[in-house]
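Peer 1: What follows is a structure written as structure tokens; I'll ask about it next.
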Amino acid sequence: MMVRRNPFFMRFSERLGSDANFLKLFSPGVLDVFPPSTIWETTNVIRSSPGGGKTSLLRLFTPNSLLALHAHANLPPYDELYTRLRELDAIQDEGPTVLGAMISCAHDFSYLEDLPLEDVQKERLFISLLNARIVLSILRSALTMQRYKFPDDVKKIQLSCAPGIELPKGIPVQGTGSDYYAWARQLEEDICKEIDSVLPFTKAIPGHGTLFSLWLVNSESLLCDGARIAKRVAVMLDDVHELAPRQRKKLISLISATRSPTQLWIAERLEALSTEDWFSEGNKEGRERNTIYLELHWREHHSRFEKFAGNVADRRTDSASEGQITSFAGCLSDVIEPTEIERRLSGAIDKQVSRIRERAGSTRKYNEWISLKEEVKGSPYDQLVEWRSLEILIERDLQKRQKTFDFYELTEEELQANEKSNVRTGAQLFMNKELKLPYYYGFSRLCRMASSNIDQFLALSGNLFEVITSASILSLSRAVPRINAERQEKILKQAIDKKWREITQMVPNASDVRCLLEGIGNLCQVETYKPTAPYAPGVTGIAILMSDREKLKNPEILERNELYMRLANAIATCLANNLLEGRLNHKCKGREWMVLYLNRMFCVHFDLPLDYGGFREKSLDDLCEWIGKGSSESRKQETAAWF
Amino acid sequence: MVLVKDNRWSNYFMSHGPDFDSFWDGYLGRSERNLMFVLGHGFDPRMCHAISLIFGKKGKGLRDCIALHYQDDSKLQPQHHADLLENNWANLNEVVKKVGGNILKRGIKMQSKGKLRYASISAANVFDSLDQLSDYTDIIIDVSAMPRGVYFPLIHKLLVLIDNAQEKVKPNPNLHIIVWEDQKLDSCIVDEGLEEKASYLHSFGAIELETTKDMPIVWIPVLGEGQSEQLEKIRAFINPNEVCPLLPFPSINPRRADALIAEYHHFLFFGELSVEPRSIIYADERNPFQAYREIRKTINHYDRVMDIIGGCKVAISPISSKLLSIGALLAAYESRKQGKLVGVTHVECHDYRIEGDVEDLISAARGVPHEIWLAGECYER
């Protein structure tokens, strides 16, 4: 029997065990992604990076989950989730109103492409397998909803096809579940056996041209013991990115061609270099589909992600500690205790002031600015941030091409105009690095490190939770343990460095991926830590022109240019594995760019800030140089020289 | 204790070390044998060891070779150890030409257009029928320089062809598997660029159907060193309900099993899996037939126990040495033939490289040859 110790490491929907446990740990905040008015009217397309939470979302709408939720409706912590689903009309007091059937596209479908058959035959077999699995999945879900046993009780189900739909030979227009179960089961077995066989294809297996199963399993004609099972039926296809490209394209065209009475949900991974809009004929967004980009949703509403992540973390912490610790964020100190850094701050203010005076030289220009800073009160740390800010501004001024006269003193108003919040953030980063003070601590920054990906958040939090649990066990008092800033940073850096080292093992095109990421990371370090902090708080990504992106998608260009091919593969691998975050069509300097941000946890690896915003434009040739020559040591040395 | 009756390889033939040499001396010296030697053309320094030894024996008959060339669609994969590849090819040519034999090159396509791992399918198609081998009395598959994704379906196909062959005038060929076991070298050959997800090997899949979705799954990982990333990916892929790790014991290094437990202790015992110590199974690291027997016993045990709830699926992950992996292959093959839902999962990787001093690894005289006779005369009498 499997016993779970650290609930933060239970990161996959499938591994959360019982439905009650899954629901207990499911945070309702994620349901904000669904527009309530159209959730049941259109095809829902859910896209995210790996670990974004797609499968968990689909699992929520399966009969087991909805029935379990209905059984616990008024009990905390299920009550909040019940209320949200009630608002979405997925469940009511009488029971679930939607019959969801989840089918993974990860198994077997793509292998059809390797069969020694004509393309049209492979396509028809693909549709056949999909039809068979849709019927089987609906039968299972229907029996589960009615609390019958699958497949023993299939005879209790009645199905009939919507009028006007032509069914292949051998499939009855109406019948019991037994008839359709026998047909679908045999078809699935035959196709899968042929895919997996070492011997040549022997059996004549019928191929289908349409997804007629969606008309067969519609909510009006799907009955159990003569009664309608649910108000609506939703077929949910998970891992659609695992289909072969041609199969995905065929699926799109089948869905676009006609509007079935059964709702279809699609969950797939976002791959910016290969994913295009699903529907090419006109703009069907809103009318016929809802496309939900999970990370984008969270990035645009970061405070919601923080709240959502907090809720997820609290539920797991509460579950693991049996109610003793109810707030995960509460266990993470979000300030640097003076005692932690007293030694490092001692003398630092004087050193900083000396450095500024030395840099200012004999000019009177900065006298007023320096006087203003001398009057600043506050903790030594706050004072240091002020002085470091000033140093950045003086450096910027010194490097201006258009100089002012030495006798001119810069005023307080000019200081206030220049000293924006991003300069302070940059100053804090510089100072923390110089004095080796922690920067990556606190719940808020932990959420930023997650790159809006719940799986990543849980992975990082899991490491912290291990320490919280240990502290809790070792503690003589019953006080809630609290990890200080320095320790948090140490734990997180260790975990992230380990992840960084594992890149070569994790991914295809590993050496090119590593070179690309190192090139980006080193560039960002160089740009961020320039004495003038021109891109305060820092640079955390690069950008290529959208027109260059088109080149990387063009097979003819890639065929002719080996480095472009390697670059395209490396970028695709990084995006698919959440090592880079891509944003398309970003407008800047009158042009459109594809921005590639480092995954926020790699910002920790390179001592970069966690904010988005700063990026540097690069040409394809620049990026190819990184891949061709490897990571540049000279850039690292250049950065080190400043400290 | 569950006794497994009617195991095909209850009685088996294998030899290793000095017995390997004397076996082939006698076997080839007694009568005329037409040999077809199949090997993978890779950078592994052991590639030509077995063929040199066997083709160097006195005896009459054909001495031909099929060399499997691994062809990647992408020409961009950095090719490690190109010099070793060239040397191996030169050595092979020398060995075969010396005995007047022929070398036939067969390409193994590693990827298909849709970025799929095609190697397993390509390997299964190396032989279409036994007619291609009608001139030969013995087929020898040397898996020393072959990745798992190639030798599993290759051996599977040959077993199927042999088992399906009708009674003919001419007897079926003997099927031998050769493994040149060198643990030190094996530990230095590391995977590079793992596929993102685990998968079932071609011809050992098709157990994850809609109709079997609710069945519990038993996972039998055959443990080897340095596979933690692979283990995690396989675990995420199959989401097992029960885990029965197989440890190599006894072993030349008596602490090997302990070292594996230490390496994976967190994954097995303190993480999500919480494997019970009594679920661990043991097999001699040098005896694939013992691994085969223990795995078969485990499969039959769970099959019997879970029958009451509709049966179970079993996923075997041979991520250990080749000898134990052969044992896993035999167990999977026989169980599937009996209609059990048994699959073989692994994680494909795009490349391999040797870590450490390559010259030192090549030059040291090391490694033990193993001969495993799977089908043919010794089983028919």
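As you go down the protein sequences, you meet chains E and A in turn.
FYI, the numbering for the first sequence is 99 to 741, going by the numbering used here.
FYI, the numbering for the second sequence is 33 to 413, going by the numbering used here.
Just so it is clear, CB atoms sit at the ideal spot from N, CA and C, and this is done for glycine as well.
Here the structure is a predicted model, which means the values were calculated and not measured.
1) Whether or not the region 629-639 of chain E and the region 487-494 of chain E are in contact is what I'm after, with contact meaning three or more pairs of Cβ atoms, one per stretch, closer than 8 Å; do they touch?
2) Could you name each continuous beta strand (DSSP E) segment of 3 residues or more that falls completely within the region 280-346 of chain A, going from the start of the chain to the end?
3) Can you confirm whether the region 312-328 of chain A touches the region 175-192 of chain A when touching is taken to mean that 3 or more C-beta pairs between the two stretches lie within less than 8 Å?
4) Using the Cβ count rule (16 or more neighbours within 10 Å means buried), how would you classify VAL376 (chain A)?
5) Against chain A, with Cβ distances strictly below 8 Å, would LYS291 (chain E) count as a contact?
6) Within this structure, are the beta carbons of LEU257 (chain E) and LEU183 (chain E) separated by less than 8 Å?
7) Could you pull the start and end residues of the alpha helix (DSSP H) that ALA302 (chain E) belongs to?
8) 8 Å is my cut-off, CB to CB: does ARG658 (chain E) come that close to chain C?
9) Can you grab the Cα-Cα spacing for the pair MET352 (chain E) / GLN345 (chain E), in whole Å?
10) For a minimum of 3 consecutive residues, which ranges assigned as the beta strand (DSSP E) are wholly contained in the region 198-244 of chain A?
11) Near VAL410 (chain E), what residues of its chain come up, given a Cβ to Cβ distance below 6 Å and the 5 sequence neighbours on each side ignored?
12) Can you tell me where the alpha helix (DSSP H) with CYS290 (chain E) in it begins and where it stops?
13) Measure the C-alpha to C-alpha separation of ARG116 (chain E) and SER166 (chain A) and round it to an integer number of angstroms.
14) Comparing alpha-carbon positions, which option in A:TYR296, A:ARG287, A:LEU191, A:PRO272 lies nearest ILE348 (chain A)?
15) Drop a sphere of 10 angstroms on the beta-carbon of VAL250 (chain A), count the other beta-carbons inside from all chains shown, and report buried for 16 or more, exposed for fewer.
16) Taking 8 Å as the threshold (C-beta atoms), are CYS203 (chain E) and ASP336 (chain E) in contact?
17) Can you name the residues of chain A whose CB is closer than 7 Å to the CB of VAL296 (chain E)?
18) Please report the straight-line C-alpha distance between GLN284 (chain E) and PRO401 (chain A), rounded to a whole angstrom.
19) Using 8 Å for Cβ pairs, my map puts PRO134 (chain E) next to ALA260 (chain E). What's the rounded Cβ distance?
20) Would ASN582 (chain E) and SER431 (chain E) be called neighbours here (beta carbons separated by less than 8 Å)?
21) Have a look at A:TYR232, A:SER367, A:PHE159, A:GLU261 and flag the residue whose alpha-carbon is nearest the alpha-carbon of TYR296 (chain A).
22) Taking 8 Å as the threshold (C-beta atoms), are LEU156 (chain E) and MET200 (chain E) in contact?
23) Does the beta carbon of MET108 (chain E) sit closer than 8 Å to a beta carbon anywhere in chain A?
24) Could you name the residues of the same chain whose beta carbon sits closer than 8 Å to that of ASP288 (chain E), not counting the 5 residues immediately before and after it, in chain order?
25) Would you list, in chain order, the members of the region 239-257 of chain A that have their beta-carbon closer than 9 Å to a beta-carbon of chain E?
26) Spell out whether any CB of chain E is found under 8 Å from the CB atom of GLY146 (chain A).
27) Within the same chain, show all residues whose beta-carbon is closer than 6 Å to that of PRO148 (chain E), passing over the 5 residues directly before and after it, in chain order.
28) Does the ligand GDP have even one heavy atom less than 7 Å from the beta-carbon of TYR710 (chain E)?
29) Output yes if chain E places a C-beta closer than 8 Å to the C-beta of HIS333 (chain A); else output no.
30) Classify PRO87 (chain E) as buried or exposed, calling it buried when 16 or more other Cβ atoms lie within 10 Å of its own Cβ.
31) For SER48 (chain E), is the classification buried or exposed, using 16 other Cβ atoms within 10 angstroms of its Cβ as the cut-off for buried?
32) Contact between the region 388-398 of chain E and the region 548-556 of chain E: three or more CB pairs below 8 Å?
33) Hey, does TYR227 (chain A) have any beta-carbon neighbour from chain E nearer than 8 Å?
34) Please state the DSSP three-state secondary structure of GLU715 (chain E).
35) Does the beta carbon of GLU600 (chain E) come closer than 8 Å to any beta carbon on chain A?
36) Just verifying my parser: in three-state terms, what is the DSSP assignment at ARG330 (chain E)?
Peer 2: Looking at the coordinates:
1) At 8 Å Cβ cutoff, the stretches touch.
2) Counting whole runs of 3 or more residues, the region 280-346 of chain A contains the beta strand (DSSP E) stretches 313-315.
3) Short answer: they don't touch.
4) Residue numbering aside, residue 376 (chain A) sits at position 344 when the second sequence is read from its first letter. VAL376 (chain A) comes out buried.
5) On the first sequence, position 193 is the one that residue 291 (chain E) refers to. Residue-level contact by beta carbon holds for LYS291 (chain E) and chain A, with a gap shorter than 8 Å.
6) Looking up residue 257 (chain E) in the first sequence gives position 159. Looking up residue 183 (chain E) in the first sequence gives position 85. No, the pair does not count as a contact, with Cβ atoms beyond the cut-off.
7) Indexing the first sequence from 1 puts residue 302 (chain E) at position 204. That residue, ALA302 (chain E), is in no alpha helix (DSSP H); it is neither H nor E in DSSP.
8) In the structure shown, chain C cannot be found, because the protein chains are E and A.
9) Locating residue 352 (chain E) in the first sequence gives position 254, counting from the first residue. Locating residue 345 (chain E) in the first sequence gives position 247, counting from the first residue. Correcting the residue identity first, residue 352 (chain E) is Leu in this sequence and not Met. Computed Cα separation, rounded: 10 Å.
10) 206-213, 221-226, all fully within the region 198-244 of chain A.
11) As a position in the first sequence, residue 410 (chain E) is number 312, starting the count at 1. The residues are SER125.
12) By 1-based counting over the first sequence, the position of residue 290 (chain E) is 192. Unbroken alpha helix (DSSP H) run through CYS290 (chain E): 275-294.
13) One-based indexing of the first sequence puts residue 116 (chain E) at position 18. One-based indexing of the second sequence puts residue 166 (chain A) at position 134. The sequence given here places Ser at residue 116 (chain E); Arg does not occur at that position. The C-alpha of SER116 (chain E) lies about 56 Å from the C-alpha of SER166 (chain A).
14) What you label residue 348 (chain A) is simply residue 316 of the second sequence in a count that begins at 1. Selected option, being the one with the closest Cα: A:PRO272.
15) As a first step, residue 250 (chain A) is located in the second sequence; it is residue number 218 there, counting from the start. Counting every other CB atom within 10 Å of its CB across the protein chains shown gives VAL250 (chain A) a total of 16 or more, marking it as buried.
16) As a working note, residue 336 (chain E) is residue 238 in the first sequence. As a working note, residue 203 (chain E) is residue 105 in the first sequence. Yes, these two residues count as a Cβ contact at 8 Å.
17) Residue 296 (chain E) sits at position 198 when you count from the first residue of the first sequence. Proximity of chain A to VAL296 (chain E) at the Cβ level (cut-off 7 Å) is accounted for by ALA156, PRO185, HIS188, LYS189, VAL192, SER235, in chain order.
18) If you number the first sequence from 1, residue 284 (chain E) lands on position 186. If you number the second sequence from 1, residue 401 (chain A) lands on position 369. Approximately 46 Å, taken between the alpha carbons.
19) Taking the first residue of the first sequence as 1, we reach residue 134 (chain E) at position 36. Taking the first residue of the first sequence as 1, we reach residue 260 (chain E) at position 162. About 27 Å separates the two Cβ atoms, so there is no contact after all.
20) Reading the first sequence from its first residue, position 484 is the one you call residue 582 (chain E). Reading the first sequence from its first residue, position 333 is the one you call residue 431 (chain E). Result yes, Cβ atoms of ASN582 (chain E) and SER431 (chain E) sit closer than 8 Å.
21) Here residue 296 (chain A) refers to the residue found at position 264 of the second sequence. Checking every option, the nearest Cα to that of TYR296 (chain A) belongs to A:GLU261.
22) As a first step, residue 200 (chain E) is located in the first sequence; it is residue number 102 there, counting from the start. As a first step, residue 156 (chain E) is located in the first sequence; it is residue number 58 there, counting from the start. By the CB criterion at 8 Å, MET200 (chain E) and LEU156 (chain E) fall inside the cutoff.
23) Position 10 of the first sequence, counting from 1, holds the residue named residue 108 (chain E). Proximity of MET108 (chain E) to chain A, defined by a Cβ-Cβ separation below 8 Å, is satisfied.
24) Numbered from 1 along the first sequence, position 190 holds the residue referred to as residue 288 (chain E). Excluding its 5 nearest sequence neighbours in each direction, ASP288 (chain E) has C-beta neighbours in its own chain below 8 Å: LYS301, ILE303, listed in chain order.
25) Those residues of the region 239-257 of chain A that come within reach of chain E (Cβ to Cβ, closer than 9 Å) are ILE239, GLU240, LEU241, GLU242, THR243, LYS245, ASP246.
26) Residue 146 (chain A) sits at position 114 when you count from the first residue of the second sequence. At GLY146 (chain A), the pLDDT of 47 sits below 50, so the modelled position is not reliable; the number obtained from the coordinates is stated separately. For GLY146 (chain A), the answer is yes, since a Cβ of chain E falls inside 8 Å of its Cβ.
27) Looking up residue 148 (chain E) in the first sequence gives position 50. Answer for PRO148 (chain E): ASN676, listed in chain order.
28) This structure lacks the ligand GDP, and indeed carries no ligand of any kind.
29) Taking the second sequence and counting its residues from 1, one reaches residue 333 (chain A) at position 301. So, not an interface residue.
30) Nothing in the structure corresponds to residue 87 (chain E), since chain E is present only between 99 and 741.
31) Outside the shown range of chain E, which is 99 to 741, sits residue 48 (chain E), and nothing can be said about it.
32) Yes, the region 388-398 of chain E touches the region 548-556 of chain E.
33) Within the second sequence, numbered from 1, the residue matching residue 227 (chain A) stands at position 195. As written in the sequence, residue 227 (chain A) is Glu, which differs from the Tyr given in the question. Output row for GLU227 (chain A): interface = yes.
34) As a working note, residue 715 (chain E) is residue 617 in the first sequence. It is a strand residue.
35) Within the first sequence, the letter at position 502 stands for residue 600 (chain E). Closer than 8 Å to some Cβ of chain A, the Cβ of GLU600 (chain E) qualifies, so yes.
36) What you label residue 330 (chain E) is simply residue 232 of the first sequence in a count that begins at 1. Residue state, collapsed to three classes: strand.
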